[in-house]
Amino acid sequence: MAPISDADLNNNSQQTREYPKNGVDVIIVGTGLAGLTAALECHRKGMNVRVFEKNDTINTAGDMFFMGLSSTVIFKHWPEMKKEFDSIGLHDAYIETRKHSGEVMVPPMRVRDRLAAQGLNPSTPPGTFQMRPLIYKMFVKQVERIGIKVQFGKNVVDYYEDEETGKAGITTKDGEKFEADIVIAADGVGSKSQRVVGGQVRAIQSGRAMWRAAFPIENLDQDEEVKKTFCMIDGSKPIVRTFLAPDAYALCLTRPDLMIWIMNHNTTGSEEENWNNTIDKEEVLEHMEKMSGPQWAPVFKKLVACTPKDTIINFNLLWRNPQPTWTSPKSRVIQIGDAAHSFLPASGNGATQAIEDAISLATCLQLGGKDNIPQAVNAHIRFRFVRTACAQKIGFSNAELLQETKWDQVKLDPKKSVPKMPKWIWSHDPEIYAQENYAKSLESMKKGIPHDADDSIPPNYPPGYKFEPWSIEQIIEDKNNGLFTVENAGKCPQLDKIILVKHFSDDL
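Residue numbers for the sequence shown follow the working numbering, beginning at 154 and rising by one.
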């Protein structure tokens with residue numbers, strides 16, 4: 154089926170233009186960004202959508218995350234979301250880089266000016282930091298606005314598919330069963346869908362964790378030095394301040410209503426992979442005193458001291474190998490987002506790739522139609538697997554960059570302290586890519602040609618890259634042997650030189 158033309162679109166609503174109904178019944182499990190985006194895009198593309206969530210409400214708590222340009226292109230189809238996104242986003246923010254001692258290494262600059270200094274177009278930045286609560290509420294409002302009903306309190310404990318009926322289904326903890334033409338598992342790490350796609354990928358301790366806190370800006374009134382140091386620019390413009398230490402780094406965001414600080418550090422023993430796991434600020438301050446190298450700036454410790462009780466989340470960072478399969482044997486159950494591929498926070502890619510997944514899958518399902526769901530699912534996987542595996546690797550490189558900053562280089566070139574976000578990531582449009590390459594992908598599948606070996610399909614990953622399976626264990630071994638560096642990339646087979654050197658460069 155060819156991509157639908159603008160003339161064929163149903164324009165009954167002034168809010169967004171919808172595709173004709175196609176009879177595809179979709180069940181989506183989970184209300185993270187992947188699930189909410191899948192709900193919106195599957196609905197817009199003519200499908201019947203039901204959403205199931207195990208909790209009693211959608212979790213809109215949290216602090217900040219990075220949204221890449223390739224994920225925000227979706228808003229061109231949702232005018233009300235675009236308007237709200239433009240109003241809540243940090244589009245006129247500043248950024249500053251400091252040593253953890255407090256010394257300013259790169260003075261405050263508008264993000265747009267810093268982008269221009271890197272040779273990038275400020276009008277189309279690779280992405281922006283966003284407030285998780287505001288973004289989630291924006292998605293939730295749009296889901297409610299178009300009438301998609303979320304069934305809360307439905308704890309899905311099993312997934313299945315029926316080859317004879319061509320259906321897939323879910324079973325809840327209460328024994329209820331629900332079926333559809335396709336089930337999208339967007340319920341994150343530990344999804345019960347792992348049973349039907351080949352098993353859970355084992356989590357590996359990274360030795361790293363994150364303290365994260367977000368609280369009302371009025372709490373800074375407790376300390377004049379903290380209030381002055383972490384003030385906004387000109388009293389009104391938000392600013393992101395980075396503090397880079399020998400074996401840790403921190404990000405702070407000051408905006409009119411909130412103060413946010415995040416610190417990546419070595420594990421201490423009390424962290425969990427659980428967003429509800431909080432610790433006291435006294436424990437944070439105690440461990441900061443024990444960190445290697447020079448002491449952290451006293452004013453940063455005072456910022457921690459200003460943090461309200463039960464606010465600091467202590468999150469364990471676990472590594473996972475690329476999951477070999479995302480779909481059930483008959484391709485009626487498909488994983489997206491963290492259920493399919495988890496990302497390190499340093500990659501700045503988790504939310505972006507989750508949204509891309511949802512857009513790509515909805516597009517392929519619309520192109521394939523009700524009678525060709527398995528082939529649509531497999532075309533989607535061909536579009537996504539190598540791309541996300543390459544994007545995952547960026548997290549490891551960026552983690553090394555932030556944790557082992559070379560200050561003599563940063564002083565000469567501020568770009569040396571900036572995490573890499575290559576052009577092949579942020580310039581991608583997952584919807585257009587799927588529309589333009591869907592038919593080609595079907596032809597390649599018939600011929601048995603791997604996606605990354607098909608010259609007729611342009612890569613949405615580093616050009617020239619040929620995927621080879623890799624593992625966290627090998628990366629750890631390479632790192633321990635001193636091979637995990639850009640300079641030694643050619644000696645590190647698991648971290649292909651084409652990614653670490655050529656395609657991490659600032660001009661791509």
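From the three backbone atoms N, C-alpha and C, an ideal C-beta is built for every residue, glycine too. Quick caveat: nothing in here was measured; it's all calculated off a predicted structure.
The bridge partners DSSP lists for Trp623 come to none. By the C-beta density criterion, Gly422 is exposed, having fewer than 16 other C-beta atoms within 10 angstroms.
Within the same chain, Cβ atoms closer than 6 Å to the Cβ of Thr464 are found at Ala366, Phe368, the five residues on either side in sequence being excluded. Collapsing the DSSP output to three states places Glu378 in a helix. Nearest Cα to Val202 within the set Leu518, Thr541, Arg408: Leu518. Residue Leu411 holds the alpha-carbon nearest to the alpha-carbon of Glu371 among Val350, Ala529, Met363, Leu411.
Contact check for Tyr312 and Val349: beta-carbon distance about 5 Å, within the 8 Å limit, so the pair qualifies. For Ile335 against Ala191, the beta-carbon gap comes to about 10 Å, at or over 8 Å, which does not count as contact. According to DSSP, residue pairing for Met284 in a beta bridge involves Met217.
Here Gln448 is exposed: its Cβ has fewer than 16 other Cβ atoms, across all protein chains shown, within 10 Å. DSSP places Phe453 in the uninterrupted alpha helix (DSSP H) bounded by 451-458. For Glu332, the enclosing beta strand (DSSP E) begins and ends at 330-333.
Put simply, of Phe282, His533, Tyr614, Lys174 the residue whose alpha carbon is nearest the alpha carbon of Val264 is Phe282. Inclusion of Asn474 and Val354 in the CB contact set at 7 Å is warranted, their separation being smaller than that value. Contact annotation: Phe468 and Met363 have beta-carbon atoms nearer than 7 Å.
Trp428 counts as exposed, since fewer than 16 other C-beta atoms from the protein chains shown sit within 10 angstroms of its C-beta. Taking a contact as a CB-CB distance under 8 Å, the pair Phe620 and Val539 counts as one, their CB atoms being some 5 Å apart.
It is roughly 8 Å from the alpha-carbon of Ser495 to the alpha-carbon of Trp472.
Asn525 sits in a helix when the DSSP states are folded into three classes. According to the DSSP assignment, Gln488 belongs to the beta strand (DSSP E) that extends over 486-488. Boundaries of the beta strand (DSSP E) around Arg263: 257-263. Inter-segment contact for the segment 205-218 and the segment 522-530 is absent: fewer than three beta-carbon pairs are separated by less than 8 Å. Restricting attention to Glu249, Asp266, Lys252, Phe238, the CA atom closest to the CA of Lys294 is found in Phe238. Pro447 has no beta-bridge partner at all, per DSSP.
For Pro461, DSSP records no beta bridge to any residue. In the structure shown, the three-state DSSP call for Val179 is strand. Short of 7 Å from the beta carbon of Gly242, and not among the five residues preceding or following it, lie these beta carbons of its own chain, in chain order: Thr281, Gln283.
Assignment of beta-bridge partners to Gly322 by DSSP yields Tyr313, Glu332.
The beta-carbon distance between Ala214 and Pro286, rounded to whole angstroms, is 6 Å. This is short enough to meet the 8 Å contact definition. Beta bridge pairing from DSSP links Tyr402 with Leu397, Asn417. Within the same chain, and ignoring the five residues on either side of Glu249 in sequence, the residues whose Cβ sits closer than 8 Å to its Cβ are Val257, Val259, Pro260, Pro261, Met262, Ile392, Val393, Arg394, Thr395.
Membership of Val349 in the alpha helix (DSSP H) is indicated by the continuous run 347-350. About 5 Å separates the beta carbons of Ser513 and Ala587, which is inside the 8 Å limit, making them a contact pair. In this structure, Arg537 lies away from Ala321, with their beta-carbon atoms at least 7 Å apart.
Minimum Cα-Cα distance from Glu233 among the listed residues Leu520, Val296, Pro173 corresponds to Val296. Under the three-state reduction of DSSP output, Thr516 falls in the helix class.
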